[in-house]
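Residue numbers (my numbering): 81 to 238.
Heads up, the beta-carbon is just placed ideally off N, CA and C, and yes, glycines get one too.
One structure below.
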């Protein structure tokens, strides 16, 4: 299926709500998806989006992105998830999938991707998250400006 949602000066608030600096949203979200049952279950999805938030005081925030994923009865793979934008602090940010992100349904105790890498940039600072090589664990590595941080979600107190 294919769908598109568009916004032109969209704003929402309660009837009695007073907003100091009201904003409107312009933009779109366009997606498509497909399911096939020919050889078991197969699923695919893709999207493109771009939004601009315009505040009454003249400030603006933006975000644009695109993504693709495929899946089957065993899990799913995010082949593309790229976005870029700016915020009210004038930060410019971006993120993208470097190596496909794999989520394996057979990994019953894993709550995160088991494989893949994402990269992030905010202004001049860069970071990456490495989800590993496919092991069924909850461990990921953050690489931030020359510092390596390994996080094991199973060892974090809930």
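Alpha carbon to alpha carbon, what distance is there between residue j and residue i?
{"i": "residue 131", "j": "residue 206", "result": "24 Å"}
{"i": "residue 92", "j": "residue 148", "result": "30 Å"}
{"i": "residue 196", "j": "residue 89", "result": "38 Å"}
{"i": "residue 119", "j": "residue 164", "result": "37 Å"}
{"i": "residue 122", "j": "residue 160", "result": "18 Å"}
{"i": "residue 162", "j": "residue 214", "result": "22 Å"}
{"i": "residue 144", "j": "residue 226", "result": "28 Å"}
{"i": "residue 224", "j": "residue 138", "result": "34 Å"}
{"i": "residue 187", "j": "residue 204", "result": "36 Å"}
Does the distance from the C-beta atom of residue i to that of residue j stay below 8 Å?
{"i": "residue 233", "j": "residue 189", "result": "no"}
{"i": "residue 236", "j": "residue 229", "result": "no"}
{"i": "residue 209", "j": "residue 219", "result": "no"}
{"i": "residue 177", "j": "residue 158", "result": "yes"}
{"i": "residue 155", "j": "residue 185", "result": "yes"}
Skipping 5 residues on each side, what residues in its chain have a beta carbon closer than 8 Å to that of residue i?
{"i": "residue 84", "result": "108, 109, 110 and 111"}
{"i": "residue 87", "result": "105, 106, 107, 108 and 131"}
{"i": "residue 167", "result": "141 and 173"}
{"i": "residue 95", "result": "none"}
Exposed or buried, what is residue i when buried is set at 16 or more other beta-carbons lying within 10 Å of its beta-carbon?
{"i": "residue 81", "result": "exposed"}
{"i": "residue 198", "result": "buried"}
{"i": "residue 182", "result": "buried"}
{"i": "residue 140", "result": "exposed"}
Please work out which residues of its chain come closer than 6 Å, Cβ to Cβ, to residue i, disregarding the five sequence neighbours upstream and downstream, and give them in chain order.
{"i": "residue 114", "result": "124"}
{"i": "residue 135", "result": "101 and 103"}
{"i": "residue 126", "result": "112 and 148"}
{"i": "residue 129", "result": "109 and 145"}
At least one CB of chain C closer than 8 Å to the CB of residue i: is that the case?
{"i": "residue 236", "result": "Of the chains in the structure shown, none is chain C; there is only one protein chain."}
Identify, in the order they occur along the chain, each residue of the same chain with its Cβ nearer than 7 Å to the Cβ of residue i, setting aside the five sequence neighbours on each side.
{"i": "residue 133", "result": "103, 105, 140 and 141"}
{"i": "residue 99", "result": "93"}
{"i": "residue 193", "result": "181, 182, 183 and 211"}
Which runs of the beta strand (DSSP E) at least 3 residues long sit entirely within the stretch 113-197? Give them in chain order. 122-135, 140-152, 155-166 and 172-184
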